[in-house]
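Numbering follows our numbering, in which position 97 of the sequence shown is assigned residue number 85; successive positions increment by one, without gaps.
Beta carbons: idealized from backbone N, C-alpha and C, even for Gly.
Below you'll find the structure, written out as structure tokens, and then a few comments.
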Amino acid sequence: MRHVTFDFAHQDVPSLAEIIAMVATHPAVPKHRRAGIASSLSKLAAWIGQDASTIPFVALVIEAKIATVRPDVVGVSAKRLKNARSDIRFVLDLLGGSSRYHAPFTPEAQRLWDLLQGKYERCSLSRLLRYLSARAIDPAEVDEGVSAGFLDALRREGRLRIKPETFHQSAMRAWNRAVRRYPAWPQVTLTVPTYRTRASLPWSAFPPSLEHAVDRFLASGEAVESLFDGPSHRPLKPRTKTTQKNHIRRAASALVAARVPRLELSGLSSLSKPSRFRLALERIIEDRKGKIGGYVMGLAWTLVKMARYGGELTSDEVTEVNDLYRRLSTRRRGETPSVDRDQEALSLLDDPRRLDALLTLPSRTAERVLKAKLKFRAAALEIQRACALEIWFCAPLRISNLATLRLDQHFHRVTIDGREHWMIRIPAEEVKNGEALEFLLTKAAVNLLKIYVSEYRPALVTGPTPWVFPGRQDGHKQIDALRKQMERFVNDATGIGFHPHLIRKITAKIYLDADPGGIEIVRRCLGHRDVRTTLSVYTQPQIRAAQLKYLNALESRKLSALRQGFEP
-11 MRHVTFDFAH QDVPSLAEII AMVATHPAVP KHRRAGIASS LSKLAAWIGQ
39 DASTIPFVAL VIEAKIATVR PDVVGVSAKR LKNARSDIRF VLDLLGGSSR
89 YHAPFTPEAQ RLWDLLQGKY ERCSLSRLLR YLSARAIDPA EVDEGVSAGF
139 LDALRREGRL RIKPETFHQS AMRAWNRAVR RYPAWPQVTL TVPTYRTRAS
189 LPWSAFPPSL EHAVDRFLAS GEAVESLFDG PSHRPLKPRT KTTQKNHIRR
239 AASALVAARV PRLELSGLSS LSKPSRFRLA LERIIEDRKG KIGGYVMGLA
289 WTLVKMARYG GELTSDEVTE VNDLYRRLST RRRGETPSVD RDQEALSLLD
339 DPRRLDALLT LPSRTAERVL KAKLKFRAAA LEIQRACALE IWFCAPLRIS
389 NLATLRLDQH FHRVTIDGRE HWMIRIPAEE VKNGEALEFL LTKAAVNLLK
439 IYVSEYRPAL VTGPTPWVFP GRQDGHKQID ALRKQMERFV NDATGIGFHP
489 HLIRKITAKI YLDADPGGIE IVRRCLGHRD VRTTLSVYTQ PQIRAAQLKY
539 LNALESRKLS ALRQGFEP
């Protein structure tokens, strides 16, 4: 009689120990192989350090466990491990590895399962409810101890493609969501663990005077040079304030990690004077494994501005900080590859087939989903990504503006030459450079948007919301989440190394390839204040197209001369 209860498996599933005993007498196992096969099965349990009686003999579990065994770690030859794997797979094929794996829900777990709505909740909580059922744990008794036991069970099971910590974290989030949404759910809120090491300490870890000084500095705005009035200040945008405040908090945290007493970090000069500037940046670069990227340079620039305009350093100290920043910038240029990755991506789009794959991706995706008549959450997300890309082709918005589009504010109907069009309008205060934006939408974009909003977006929300791309709790989708989803969506289809800001260069390329002299139209389309910005970043396609036109003109002129039989 079995005394061990599996973590997730139905109790009719045999254990590895039972299979070992069965192999010794099973008529389908050749007698000359029985001892070797039994040895391989026993060795598997020893190699993974687990009692054979606690391992359910299920193909997906056994395959996952043997995949983790390395010959150099367990002290056997590669040949021996290969033979063991062959023996184990022979038994799996022979005995089926059990098709019944999951324990059936207890009545209490079934009651909770019936409450769940949507794929997210069911996928996140199904294994937890199986665990409670297999262990005969009443859901009303779930507490932090049960949560810890569930995490241990996930680690013991060791299934392929499942990260125990991530899966456990998702289950705890879904459990707490169910607590809020369903009155009949056990009203116990569980801790959602975090596995990311926090690089920045909270502001409460520093003297209050530091945050007050930082807030006053950021409220003063950004120093600019006026042509007639001299130095002045303009207010920072809220997002810029948030970014720079986080930069300063990260620098202060780096100084604490470098053993600077927290009480000494009480004002702007305690962070921006040369010795602290150097120490903070050295620590941050060390934490980032010696790499000096855009984040490090942005943080350094925030500290430079504090040194220049904070009013707490001497002119000599400001000069020294400026020199340190220049040296850091020089070092970064030495580390930065000379290859322009965006230009590489644009070069790939010189292939008409690859460009066609990109431009038709939204319509092909929508056609596939609509043809399959799928309406669940995964299908809605596919239509959402297709809709976002189709809008992007018409309106090359920055990712922050795309993520915060609202149906009730940004979409308008206009009449042009007697025909009605849909337009996106972004007011100046919502744009990075303060320039209002307007973009007309194609019929394809409007039609896909209507289908998405009426038929698929409801699967992504729990109530009325104005956001075109809703996220959790009916706010807009987080910018980082949308960025990652769109990068994966485009790169899986085209392999061009896509990132959100590249869409602006792609739209410039498409137009300038057709009209190399159309730089002013591109400037207006991208919302640049100064054409020099457009020229400095987006004109390589224009140069190439212009050169091609020149070469065509050159060859045409040569051909004309030869046809006329020119002789000197």
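| said: Quick check on the DSSP output: what are the complete alpha helix (DSSP H) runs of length 4 or more inside the region 163 to 208, in order along the chain? | reply: Annotation note: the region 163 to 208 contains the following uninterrupted alpha helix (DSSP H) runs of length 4 or greater, listed N- to C-terminal: 196 to 207.
| query | Applying the criterion that 16 or more other CB atoms from any shown protein chain within 10 Å of the CB defines a buried residue, is residue 353 buried or exposed? | reply | Within the sequence shown, the letter at position 365 stands for residue 353. Burial call: buried.
| message | Going by beta-carbon coordinates alone, are residue 413 and residue 426 separated by less than 9 Å? | response | The residue you call residue 413 lines up with position 425 of the sequence shown. The residue you call residue 426 lines up with position 438 of the sequence shown. With respect to residue 426, residue 413 sits close: the two C-beta atoms are nearer than 9 Å.
| task | Take the Cβ of residue 456 as the centre, count every other Cβ of all protein chains shown within 10 Å, and call the residue buried at 16 or more, exposed below. | result | In the sequence shown, residue 456 corresponds to position 468, counting from 1. Buried is the call here.
| Helix, strand or coil at residue 3 [DSSP, three-state] | Counted from its first residue, the sequence shown places residue 3 at position 15. Three-state result, residue 3: strand.
| said: For residue 410, report the span of its beta strand (DSSP E) as first-last. | reply: Locating residue 410 in the sequence shown gives position 422, counting from the first residue. It spans 407 to 414 - the beta strand (DSSP E) in which residue 410 sits, taken as one unbroken run.
| field | Straight-line Cα distance separating residue 422 from residue 416 | value | Position 428 of the sequence shown holds residue 416. Position 434 of the sequence shown holds residue 422. The alpha-carbon separation between residue 416 and residue 422 amounts to approximately 5 Å.
| Whole-Å CB distance - residue 563 paired with residue 298, under 8 Å assumed | Only positions -11 to 556 of the chain appear in the structure, and residue 563 is not among them; the question remains open.
| said: By the three-class DSSP mapping on this structure, what secondary structure does residue 247 have? | reply: Along the sequence shown, one-based indexing puts residue 247 at 259. Coil at residue 247, not helix or strand.
| query | Helix or strand or just coil, what does DSSP make of residue 384? | reply | By 1-based counting over the sequence shown, the position of residue 384 is 396. The answer is coil: DSSP assigns residue 384 none of H, G, I, E or B.
| said: Let's see if you can read the secondary structure: which residues bound the beta strand (DSSP E) around residue 426? | reply: Here residue 426 is taken as the residue at index 438 of the sequence shown, counted from 1. 425 to 428 is the span of the beta strand (DSSP E), which, as asked, contains residue 426.
| said: Quick check on the burial criterion: 16 or more other C-beta atoms within 10 angstroms. Buried or exposed for residue 205? | reply: Walking along the sequence shown from the start, residue 205 turns up at place 217. With 16 or more other Cβ atoms within 10 Å, it is buried.
| said: Which residue marks the beginning of the alpha helix (DSSP H) containing residue 292, and which one marks its end? | reply: Here residue 292 refers to the residue found at position 304 when the sequence shown is read from its first residue. Unbroken alpha helix (DSSP H) run through residue 292: 282 to 297.
| field | Beta-bridge pairing of residue 266 - partner residues as DSSP gives them | value | If you number the sequence shown from 1, residue 266 lands on position 278. DSSP output for residue 266 lists no bridge partner at all.
| field | Burial state of residue 326, where buried means 16 or more other Cβ atoms lie within 10 Å | value | As a first step, residue 326 must be located in the sequence shown, where it is residue number 338. Unreliable positioning characterises residue 326 in this predicted model, as indicated by a pLDDT of 47, which lies under 50. A coordinate reading is not provided.
| message | With a threshold of 8 Å, are at least 3 pairs of Cβ atoms found where one atom belongs to the region 103 to 120 and the other to the region 160 to 168? | response | yes
| said: Can you tell me which residues form a DSSP beta bridge with residue 455? | reply: Against the sequence shown, residue 455 aligns to sequence position 467. BP columns for residue 455 point to 394.
| Quick one: what's got a C-beta closer than 6 Å to residue 388's C-beta in the same chain, skipping five residues either side? | Along the sequence shown, one-based indexing puts residue 388 at 400. The residues are 467.
| Would you report the Cα separation of residue 480 and residue 305, rounded to the nearest angstrom? | Residue numbering aside, residue 480 sits at position 492 when the sequence shown is read from its first letter. Residue numbering aside, residue 305 sits at position 317 when the sequence shown is read from its first letter. About 50 Å.
| Name the DSSP bridge partner or partners of residue 402? | Position 414 of the sequence shown, counted from the first residue, corresponds to residue 402. The partner list for residue 402 (beta bridge, DSSP) reads 409.
| Quick one: complete alpha helix (DSSP H) runs, 4+ long, within the region 99 to 141? | 107 to 122
| said: Please identify the residue among 419, 329, 254 whose C-alpha is closest to the C-alpha of residue 225. | reply: Looking up residue 225 in the sequence shown gives position 237. Nearest option by C-alpha distance: 419.
| field | Proximity winner among 105, 108, 95, relative to residue 122 (alpha-carbon distances) | value | Here residue 122 is taken as the residue at index 134 of the sequence shown, counted from 1. The residue with the shortest Cα to Cα distance from residue 122 is 95.
| In angstroms, rounded to a whole number, what distance separates the CA positions of residue 53 and residue 36? | Translated into the one-based positions of the sequence shown, residue 53 becomes position 65. Translated into the one-based positions of the sequence shown, residue 36 becomes position 48. For residue 53 and residue 36, the distance between alpha carbons rounds to 7 Å.
| field | 7 Å CB neighbourhood of residue 293 in its chain, flanking five on each side removed | value | As a first step, residue 293 must be located in the sequence shown, where it is residue number 305. Closer than 7 Å at the Cβ level, and outside the excluded window around residue 293, lies no residue.
| request: Name, in chain order, the residues that DSSP records as bridge partners for residue 44. | output: As a first step, residue 44 is located in the sequence shown; it is residue number 56 there, counting from the start. Per DSSP, 3.
| How long is the line joining the alpha carbons of residue 275 and residue 129, rounded to whole angstroms? | Stepping through the sequence shown from its first residue, residue 275 is reached at position 287. Stepping through the sequence shown from its first residue, residue 129 is reached at position 141. Cα to Cα, residue 275 sits roughly 42 Å from residue 129.
| query | Just the Cα atoms here: how many angstroms apart are residue 496 and residue 233? | reply | One-based indexing of the sequence shown puts residue 496 at position 508. One-based indexing of the sequence shown puts residue 233 at position 245. Cα atoms of residue 496 and residue 233: separation of roughly 34 Å, rounded to the nearest angstrom.
| query | How many Å lie between residue 470 and residue 166 at the Cα? | reply | Stepping through the sequence shown from its first residue, residue 470 is reached at position 482. Stepping through the sequence shown from its first residue, residue 166 is reached at position 178. Those two C-alpha atoms are separated by around 25 Å.
| said: Can you find the residues in the same chain that come closer than 7 Å, C-beta to C-beta, to residue 174, ignoring five residues on each side of it along the sequence? | reply: By one-based count along the sequence shown, residue 174 stands at place 186. Cβ neighbours of residue 174 beyond the five flanking positions: 127, 128, 130.
| said: Please state the DSSP three-state secondary structure of residue 50. | reply: As a first step, residue 50 must be located in the sequence shown, where it is residue number 62. Under the three-state reduction of DSSP output, residue 50 falls in the helix class.
| message | Mapping the DSSP letters down to three states, classify residue 326 as helix, strand or coil. | response | Translated into positions along the sequence shown, residue 326 becomes position 338. Interpretation of residue 326 is limited by its pLDDT of 47, a score under 50 that renders its predicted location unreliable; the figure taken from the coordinates is listed afterwards. Note: residue 326 maps to coil in three-state DSSP.
| query | What number of angstroms, rounded off, separates the C-alpha of residue 430 from the C-alpha of residue 191? | reply | Position 442 of the sequence shown, counting from 1, holds the residue named residue 430. Position 203 of the sequence shown, counting from 1, holds the residue named residue 191. So the two alpha carbons sit approximately 48 Å from each other.
| said: DSSP has residue 464 in a bridge; who is on the other side? | reply: By 1-based counting over the sequence shown, the position of residue 464 is 476. BP columns for residue 464 point to 458.
| task | Report the rounded CA-to-CA distance for residue -5 versus residue 141, giving the unit in angstroms. | result | The sequence position of residue -5 within the sequence shown is 7, counting from 1. The sequence position of residue 141 within the sequence shown is 153, counting from 1. Taking the straight line from one Cα to the other gives about 6 Å.
| field | Contact check, residue 43 vs residue 33, beta carbons under 9 Å | value | Translated into positions along the sequence shown, residue 43 becomes position 55. Translated into positions along the sequence shown, residue 33 becomes position 45. Yes, Cβ-Cβ distance for residue 43 and residue 33 is below 9 Å.
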